[in-house]
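Following the numbering used here, the numbering of the sequence shown begins with 14 at its first residue and continues without gaps. Okay, so here's the structure we're looking at.
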Amino acid sequence: MKLRSRIAVPLAAMVLAGLTATACAPQTSVNGSTKDEKSGTLRVWLFQEVNNDPKKKVVDQAVAAFTQRNKDAKVEIEYIPVETRAQRIKAAFNDPKSAPDLIEYGNTDTAGYVKDGGLADISAEFGDWPEAKDTDPTATRSVTVGGKVYGAPFFVGVRALYYRTDVFTELGLQPPRTQDELVATAKAVRKARPELYGLAVGGAYTYGAMPFIWANGGELAVESGGAHKAAIDSPAARKGIETYTSLFGDDNCPAAKCAAMGGNATVTAFAAGNAAMAIGGDFSHQAVEAGAVKGKYAVVPLPGLKDGEIAPAFAGGNNIGVLKSTSHRTLAVDLMKQLAGKDTQRGLFDAMGFLPTYTDVRAEAAKKDPFVEPFVRTLAAGAKFVPASPGWGQIDASTVLPTMFQEIVSGKKDVAAASGDAAKKMDAAFSSAG
């Protein structure tokens, strides 16, 4: 990433992409503050990157611009470890006196944090913000619960298909243009080069499997009247599950080795030269560049069912939210806009490779760095998001979907039985979360 300095992004991006949901959300809420002080110190918690200096430099510039406008305000930034954010944020929700005014948070945490009363409803301010009109619709959905907006998208992460140009040239193969071609190409590589996985897949790689479900017209869940119901066992979803699980076997990625793999493991296999293809994120670039395949790979969008279609990808990412307990609401919202605004997102792309959430800024980024173009096209084709329910955190943390995939590839259950059981677990989580 500049996309170059982020071998750690699997950390931030798994915040994006699902580790955010593994931590228990706070269970208590606080009343919002009645104060709106126009001076004083604003406290901000941002996630600490492994290489944090480039991020800090961009953030410092944003803070300087904010304090230039608001001369009676000061800003204290604290970079908190991603791994311990759940405990820190729980304490903040429980103790408003020691809580920050703003936090960076993974976008799959939104619904849970809203349920627990931690985030302020900033719908009016977001609606009046001129830059917000250029925000990607999926990114906007990631800060929206029950039709209300609870933050500003900070950056987005998405996955596409990495493939080995040297292997494809050797075998006379072209990048697959349909899902059927993807499966056939993976198996053709494995047959010709049995020491390689054709396409590295993982039974625990939920966000790599989702595009197969969505491309077939399936959904994880459907919402009606504010309540979610699992749809993972629908006929369309089952078609996608069948396609994905067909890739586990001796003819592509042996189940004994691949059933337990997650996203990081599949990218590692590709980077090490052990796979001809992998589904990796824009945030995986540094890891691949540091591997044995440097200079011998390219990226295209993951294909859909028909030639020219792009499979919908999960739109991961992080957001910036104002805490409900802040006593500086007006200033906090202004600082949120500065931190998540276009100038800061441009800076974060240049420094860290974080993909902007604004469609126009993202187009600029693709011109600057051709590597991100397939990811930008994937987002433009229509990325998707997890159900906006606090129950999603429980579903993800209890590995409902990985268990389903692993039961299928191990032969313990067929697709109908495994998806049916997963749907029951999902419905129980949705129900208990309210």
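Positions of the beta carbon are idealized from the N, C-alpha and C atoms, including for glycine. Since this is a predicted model, take the numbers as computed values, not measurements.
Among the options, nearest to residue i - alpha-carbon criterion
{"i": "I90", "options": "V57, V306, T372", "result": "V57"}
{"i": "E214", "options": "K337, A378, V385, L174", "result": "Inspection of the sequence shows that residue 214 is occupied by Val rather than by Glu. Among K337, A378, V385, L174, the Cα nearest to that of V214 is on L174."}
{"i": "K309", "options": "T191, A228, K252, A284", "result": "A284"}
{"i": "I408", "options": "S111, I421, Y118, A435", "result": "A435"}
{"i": "D122", "options": "I93, D149, T148, G164", "result": "G164"}
{"i": "V156", "options": "G119, T357, D129, A105", "result": "G119"}
{"i": "T80", "options": "Y210, A345, S259", "result": "A345"}
{"i": "A269", "options": "T412, D356, Q419", "result": "Q419"}
{"i": "E377", "options": "A446, L186, M290, K355", "result": "K355"}
{"i": "F168", "options": "D179, V162, V180, A152", "result": "A152"}
{"i": "N265", "options": "I254, P207, I226", "result": "P207"}
{"i": "A393", "options": "T258, R172, A410, A105", "result": "R172"}
{"i": "N65", "options": "A278, A401, S402, M365", "result": "M365"}
{"i": "A278", "options": "S402, A300, L260, D246", "result": "A300"}
{"i": "S237", "options": "S111, G160, D246", "result": "G160"}
{"i": "K337", "options": "P109, A78, G286", "result": "P109"}
{"i": "G447", "options": "D246, A240, T258, H341", "result": "A240"}
{"i": "G395", "options": "A99, F362, G329, S402", "result": "G329"}
{"i": "V63", "options": "A112, V76, V95", "result": "V95"}
{"i": "Q192", "options": "Q61, H341, Y257, K103", "result": "Y257"}
{"i": "T178", "options": "R101, G286, T97", "result": "G286"}
{"i": "T97", "options": "R82, Q61, K87", "result": "Q61"}
{"i": "T47", "options": "K425, H341, K103", "result": "H341"}
Neighbourhood of residue i by C-beta, 7 angstroms cutoff - its chain only, sequence neighbours within 5 removed
{"i": "W142", "result": "K350"}
{"i": "Q74", "result": "G360"}
{"i": "G275", "result": "G215, A217, Y218"}
{"i": "S423", "result": "A268, A272"}
{"i": "A379", "result": "V385, E386, V389"}
{"i": "N44", "result": "Because N44 sits at a pLDDT of 47, beneath the cut-off of 50, its placement in the model cannot be relied upon, and the point is left open."}
{"i": "G31", "result": "Per-residue confidence for G31 stands at a pLDDT of 37, beneath the threshold of 50, marking its modelled position as unreliable; the derived number appears in the next sentence. The answer, listed in chain order, is T121, T219, Y220, D409."}
{"i": "I245", "result": "L233, S432, A435, A436, M439"}
{"i": "C37", "result": "Because the pLDDT at C37 is just 37, under 50, the model does not fix this residue reliably, and the value given afterwards should be weighed accordingly. Once the five neighbours on either side are set aside, the close Cβ partners of C37 are A99."}
{"i": "S402", "result": "A124, H241, F443, A446"}
Residue i vs residue j beta-carbon contact at 7 angstroms
{"i": "V374", "j": "R390", "result": "no"}
{"i": "G221", "j": "I292", "result": "yes"}
{"i": "G334", "j": "L59", "result": "no"}
{"i": "L209", "j": "A288", "result": "yes"}
{"i": "G230", "j": "A249", "result": "yes"}
{"i": "V413", "j": "K437", "result": "no"}
{"i": "P188", "j": "V313", "result": "yes"}
{"i": "T370", "j": "P166", "result": "yes"}
{"i": "D147", "j": "T416", "result": "no"}
{"i": "R190", "j": "D320", "result": "yes"}
{"i": "G253", "j": "I226", "result": "yes"}
{"i": "D129", "j": "F106", "result": "yes"}
{"i": "A234", "j": "P400", "result": "yes"}
{"i": "K55", "j": "L315", "result": "Reading off the sequence, residue 55 comes out as Leu, not Lys. No, the Cβ-Cβ distance between L55 and L315 is not below 7 angstroms."}
{"i": "S259", "j": "V280", "result": "no"}
Cut-off 8 angstroms between Cβ atoms - residues of its own chain near residue i, not counting five sequence neighbours on either side
{"i": "T451", "result": "Residue coverage of the chain in this structure runs from 14 to 447, which leaves residue 451 outside it and unanswerable."}
{"i": "D440", "result": "K242, A243"}
{"i": "L186", "result": "V180, T198, A201, V202"}
{"i": "R251", "result": "G231, V428, A429, S432"}
{"i": "S445", "result": "G404, Q407"}
{"i": "R9", "result": "In the structure as shown, the chain starts at 14 and stops at 447, and residue 9 therefore has no counterpart that could be examined."}
{"i": "T357", "result": "V71, V72, Q74, A75, Q351"}
Rounded Cβ spacing between residue i and residue j (contact assumed at less than 8 angstroms)
{"i": "K397", "j": "F327", "result": "6 angstroms"}
{"i": "L368", "j": "V72", "result": "Wrong, their Cβ atoms sit about 17 angstroms apart, outside the cutoff."}
{"i": "V158", "j": "A197", "result": "Contact flag wrong, Cβ pair sits at about 41 angstroms."}
{"i": "T339", "j": "D114", "result": "4 angstroms"}
{"i": "G170", "j": "D295", "result": "6 angstroms"}
{"i": "G211", "j": "M290", "result": "7 angstroms"}
{"i": "N331", "j": "E117", "result": "5 angstroms"}
{"i": "A311", "j": "Y176", "result": "6 angstroms"}
Cutoff 6 angstroms; reference residue i; Cβ partners in own chain excluding five residues on either side
{"i": "L184", "result": "A205"}
{"i": "G317", "result": "A228, I323, A324"}
{"i": "F139", "result": "A145, V162"}
{"i": "S42", "result": "For S42, the predicted model reports a pLDDT of 44, less than 50, meaning its position is unreliable; a value from the coordinates is still stated below. These residues qualify, in order along the chain: D129, G130."}
{"i": "E255", "result": "V428"}
{"i": "A112", "result": "A105, L336, S338"}
{"i": "S411", "result": "none"}
Chain B contact for residue i (CB, 7 angstroms cutoff)
{"i": "P314", "result": "No chain B appears in this structure, which consists of one protein chain only."}
* To do: Indicate whether the contact test is met: 3 or more Cβ pairs, each with one atom in the segment 83-98 and one in the segment 297-304, closer than 8 angstroms.
  => no
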